[in-house]
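Okay, so the sequence shown: first residue is 1 according to the UniProt record's numbering, each after it adds one.
Inspection log for the structure reproduced underneath, given as structure tokens.
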Amino acid sequence: MNIALEQTEEYVNGQLKNKYGDAFIRGNNVLYISTQKRRI
């Protein structure tokens with residue numbers, strides 16, 4: 001499975017740690033992907 005992500009952000013313990021922009025995940029062991037509703 002290959003997954004392309006845009007505006008990728010990394011959160012650790014609920015705090016933003018890094019912003020990566022575009023990211024590409026390649027592999028056969030993707031365990032968890034979550035979306036979060038944007039707050040306006």
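From the three backbone atoms N, C-alpha and C, an ideal C-beta is built for every residue, glycine too.
* Quick one: what's got a C-beta closer than 6 angstroms to Glu6's C-beta in the same chain, skipping five residues either side? -> Asp22
* Asked: CB-CB under 7 angstroms to Asn28, same chain, minus the five flanking residues each way: which ones, in chain order?
  -> Met1
* Asked: What are the boundary residues of the beta strand (DSSP E) that includes Thr35?
  -> Thr35 -> no beta strand (DSSP E), and no H or E assigned at all.
* Sort Leu31, Phe24, Lys19 by Cα distance to Glu10 and report the nearest one. => Lys19
* With DSSP collapsed to three states, give me the class of Gly14. => coil
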